[in-house]
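**Q**
Protein chains: 2
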Amino acid sequence: MARFFVTPEEFSGDFLVLTGENAAHGKVLRLRSGEEIIICDGCGNERVCTVSDVSDGQISLVAKAVEHSITEPAVQVSVYMAFSKGDKFEHVIQKSTELGAYEIIAFPSARCVSKPDEKSLKKKLERWQKIAASAAEQSGRGRVPGVLVMGNYQEALSRAVSSDLAILFYENERSTTLKMALQNTPYHSVSLLTGPEGGLESREVGEAVSAGLQVCTLGTRILRCETAPLCALSAVMYDSGEF
Amino acid sequence: MARFFVTPEEFSGDFLVLTGENAAHGKVLRLRSGEEIIICDGCGNERVCTVSDVSDGQISLVAKAVEHSITEPAVQVSVYMAFSKGDKFEHVIQKSTELGAYEIIAFPSARCVSKPDEKSLKKKLERWQKIAASAAEQSGRGRVPGVLVMGNYQEALSRAVSSDLAILFYENERSTTLKMALQNTPYHSVSLLTGPEGGLESREVGEAVSAGLQVCTLGTRILRCETAPLCALSAVMYDSGEF
Chain F
1 MARFFVTPEE FSGDFLVLTG ENAAHGKVLR LRSGEEIIIC DGCGNERVCT VSDVSDGQIS
61 LVAKAVEHSI TEPAVQVSVY MAFSKGDKFE HVIQKSTELG AYEIIAFPSA RCVSKPDEKS
121 LKKKLERWQK IAASAAEQSG RGRVPGVLVM GNYQEALSRA VSSDLAILFY ENERSTTLKM
181 ALQNTPYHSV SLLTGPEGGL ESREVGEAVS AGLQVCTLGT RILRCETAPL CALSAVMYDS
241 GEF
Chain Z
244 MARFFVTPEE FSGDFLVLTG ENAAHGKVLR LRSGEEIIIC DGCGNERVCT VSDVSDGQIS
304 LVAKAVEHSI TEPAVQVSVY MAFSKGDKFE HVIQKSTELG AYEIIAFPSA RCVSKPDEKS
364 LKKKLERWQK IAASAAEQSG RGRVPGVLVM GNYQEALSRA VSSDLAILFY ENERSTTLKM
424 ALQNTPYHSV SLLTGPEGGL ESREVGEAVS AGLQVCTLGT RILRCETAPL CALSAVMYDS
484 GEF
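Protein chains in written order, with this note's numbering: chain F, 1 to 243; chain Z, 244 to 486.
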């Protein structure tokens with residue numbers, strides 16, 4: 001069943017209306033009267049709706065009772081990725097959303113060669129949030145992960161340690177595995193931090209330890225900066241019993 | 244240290260020579276006399292070598308003792324992915340290699356909309372094997388995963404069940420998780436099968452069960468056909484103690 005995210009205001013009442021981009025998307029899907037779709041408030045609530053009318057720019061719906069989404073994972077994983085070149089962050093937003101991330105956060109680090117300036121950042125954030133929304137619809141999520149940007153590295157560290165577990169992955173770490181970290185602490189929320197193309201500086205790893213993060217390995221192979229966060233996220237979802 | 248894969252013949256002796264694409268690659272990296280690199284035979288053996296001379300089309304090396312690669316995982320994972328559109332298989336080859344896959348295998352299934360014909364297949368296989376070799380070099384692997392193509396679905400199933408564990412992922416499976424499958428059987432080799440964009444037909448899932456595969460879920464969210472194999476591979480590597 002096709003899935004549409006609407007604002008909390010558009011979500012209440014027995015008769016709902018899809019407008020704007022949602023209506024356009026419904027047109028593309030050739031929705032017809034009598035078909036059923038799912039409407040989500042983006043916060044984990046959803047309703048099955050029956051299309052009652054399709055007209056220019058709007059699709060009218062008759063909504064059933066509100067249900068709690070069953071596709072949201074029990075664990076809240078925050079994926080922190082250092083700014084990287086090209087469209088790697090967009091790739092990670094799409095895949096992390098499918099894999100169940102709670103939120104996806106870009107942060108600057110010493111060896112980042114590509115940081116968007118203030119001016120382009122606003123547009124990029126809008127675009128990134130749309131990628132998350134689209135991936136959430138396609139993968140059947142009950143909420144759209146927030147996409148955030150940290151102003152500096154310290155801000156990322158301070159925010160990350162508010163999770164039950166905050167883990168930084170570093171290619172020179174040999175002994176502490178992700179499994180050790182996950183099995184030593186009961187967790188409901190986890191922050192996963194990974195570096196840019198050139199890796200993190202050892203000074204930055206020291207700062208993370210001082211801030212209270214654990215430093216872990218993702219194995220002996222060197223993962224690309226867009227592979228590491230998805231590998232770690234998959235492992236946490238597996239460990240927490242999602243599949 | 245830069246890493247080069249050579250043939251077993253080029254690997255023996257105290258004085259080695261890089262030629263062809265390896266020499267060209269060394270030129271790109273601006274290798275100079277005195278620098279150290281790693282030479283791999285692609286079968287899990289490697290040697291640290293010192294560059295002794297760089298000339299047109301060849302790089303001469305003085306080789307140290309043969310060592311066993313420490314970056315190859317203990318578990319042998321075969322990633323079977325149904326033929327898919329665009330460059331998704333190439334993406335999966337690159338990422339699976341980084342993540343430690345033993346081999347990567349494309350197979351046809353009923354809803355595959357894109358199957359290369361006999362004529363283009365040979366060229367594609369060469370290209371795919373190069374992607375694996377390049378990813379193996381970059382990620383520091385000790386061997387290059389084989390890239391194979393199965394002629395039909397049954398062939399994929401028959402081959403897969405020769406592993407200690409053969410698992411097919413199906414979005415309509417609700418109860419059996421990957422964790423259940425991995426924790427019920429000691430494993431040294433695992434085959435992971437995932438379907439194409441349109442999913443597997445229920446008839447095909449039945450055939451897999453008849454052939455001896457287990458059917459598992461990857462969670463309640465719908466993963467894209469290029470996300471599912473990498474998620475499953477990451478989880479198996481995690482479960483087997485790689486990180």
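Here a beta-carbon is modelled for each residue, glycine too, at the ideal position from N, C-alpha and C.
Anything in chain F within Cβ reach of Gln381(Z), meaning under 9 Å, just list it in chain order.
**A** Going along chain F in sequence order, the residues near Gln381(Z) (Cβ under 9 Å) are Ile222 and Arg224.
**Q** CA-CA distance, Pro283(F) and Glu173(F)?
**A** Within the shown structure, residues of chain F are numbered from 1 to 243, placing residue 283(F) beyond reach of any answer.
**Q** With Asp239(F) as the anchor, note down where its alpha helix (DSSP H) starts and where it stops.
**A** Here the alpha helix (DSSP H) through Asp239(F) covers Ala228 to Asp239.
**Q** Which one of Lys331(Z), Lys373(Z), Ala376(Z) and Gly300(Z) has the shortest CA to CA distance from Pro472(Z)?
**A** Of the candidates Lys331(Z), Lys373(Z), Ala376(Z) and Gly300(Z), the one whose C-alpha sits nearest the C-alpha of Pro472(Z) is Lys331(Z).
**Q** For Met480(Z), which residues in chain F fall below 7 Å Cβ to Cβ?
**A** Neighbours of Met480(Z) on chain F, chain order: Gly219.
**Q** Could you give the first and the last residue of the continuous alpha helix (DSSP H) run that contains Thr420(Z)?
**A** Thr420(Z) -> no alpha helix (DSSP H), and no H or E assigned at all.
**Q** Helix or strand or just coil, what does DSSP make of Thr250(Z)?
**A** Looking at Thr250(Z) - three-state DSSP - the assignment turns out to be coil, as it is neither helix nor strand.
**Q** Only counting the same chain, and skipping five residues up and downstream in sequence, which positions put a Cβ closer than 6 Å to that of Arg30(F)?
**A** Excluding residues within five positions, none has a Cβ falling inside 6 Å.
**Q** Is it true that the region 379-387 of chain Z meets the region 306-314 of chain Z, where meeting means three or more beta-carbon pairs spaced less than 8 Å apart?
**A** Because the criterion of three Cβ pairs below 8 Å is met, the region 379-387 of chain Z and the region 306-314 of chain Z touch.
**Q** Can you give, in chain order, each stretch of the alpha helix (DSSP H) that sits fully within the region 261-310 of chain Z and has at least 4 residues?
**A** Within the region 261-310 of chain Z, the complete alpha helix (DSSP H) runs of at least 4 residues are 263-271.
**Q** Between which two residues does the alpha helix (DSSP H) holding Val335(Z) run?
**A** Lys331 to Leu342 is the span of the alpha helix (DSSP H), which, as asked, contains Val335(Z).
**Q** Using only the alpha-carbon positions, how far apart do Val260(Z) and Gly287(Z) sit?
**A** For Val260(Z) and Gly287(Z), the distance between alpha carbons rounds to 20 Å.
**Q** Tell me which same chain residues have a C-beta within less than 8 Å of the C-beta of Asp296(Z), skipping the five on either side of it?
**A** Once the five neighbours on either side are set aside, the close Cβ partners of Asp296(Z) are Ser276, Ile302 and Ser303.
**Q** Can the beta-carbon of Val356(Z) be found less than 7 Å from the beta-carbon of Trp371(Z)?
**A** Their beta carbons are not under 7 Å apart, which means Val356(Z) does not touch Trp371(Z) by this criterion.
**Q** Once the 5 residues before and after Gly212(F) are set aside, which same chain residues still bring their CB inside 6 Å of it?
**A** Contacts found: Val161.
**Q** Does the Cβ-Cβ distance between Phe248(Z) and Gly300(Z) come in under 7 Å?
**A** Not closer than 7 Å, so no.
**Q** For Glu346(Z), does the three-state DSSP call read helix, strand or coil?
**A** Of the three classes helix, strand and coil, the one that applies to Glu346(Z) here is strand, per DSSP.
**Q** Within 6 Å: the Cβ of Cys216(F) and any heavy atom of the ligand FMN?
**A** Looking for the ligand FMN in the displayed structure turns up nothing, as the structure carries no ligands at all.
**Q** Taking C-beta pairs closer than 9 Å, name the residues in chain F that Ile313(Z) reaches, listed in chain order.
**A** Within chain F, the residues near Ile313(Z) are Thr220.
**Q** On the DSSP letters alone, give me the boundaries of the beta strand (DSSP E) that Tyr323(Z) sits inside.
**A** Its beta strand (DSSP E) spans residues Gln319 to Ala325.
**Q** Confirm, please, whether the CB-CB distance from Cys225(F) to Ile167(F) is below 7 Å.
**A** No, they are not a contact pair.
**Q** Looking at the C-beta of Gly212(F), does it have a partner C-beta in chain Z at a distance below 7 Å?
**A** False, the Cβ-Cβ gap to chain Z never drops below 7 Å.
**Q** DSSP beta-bridge partners for Leu411(Z)?
**A** Leu411(Z) is bridged to Leu436(Z) and Val458(Z).
**Q** Mind checking Arg203(F): buried by the 16 CB within 10 Å criterion, or exposed?
**A** It is exposed - the Cβ of Arg203(F) has fewer than 16 other Cβ atoms within 10 Å.
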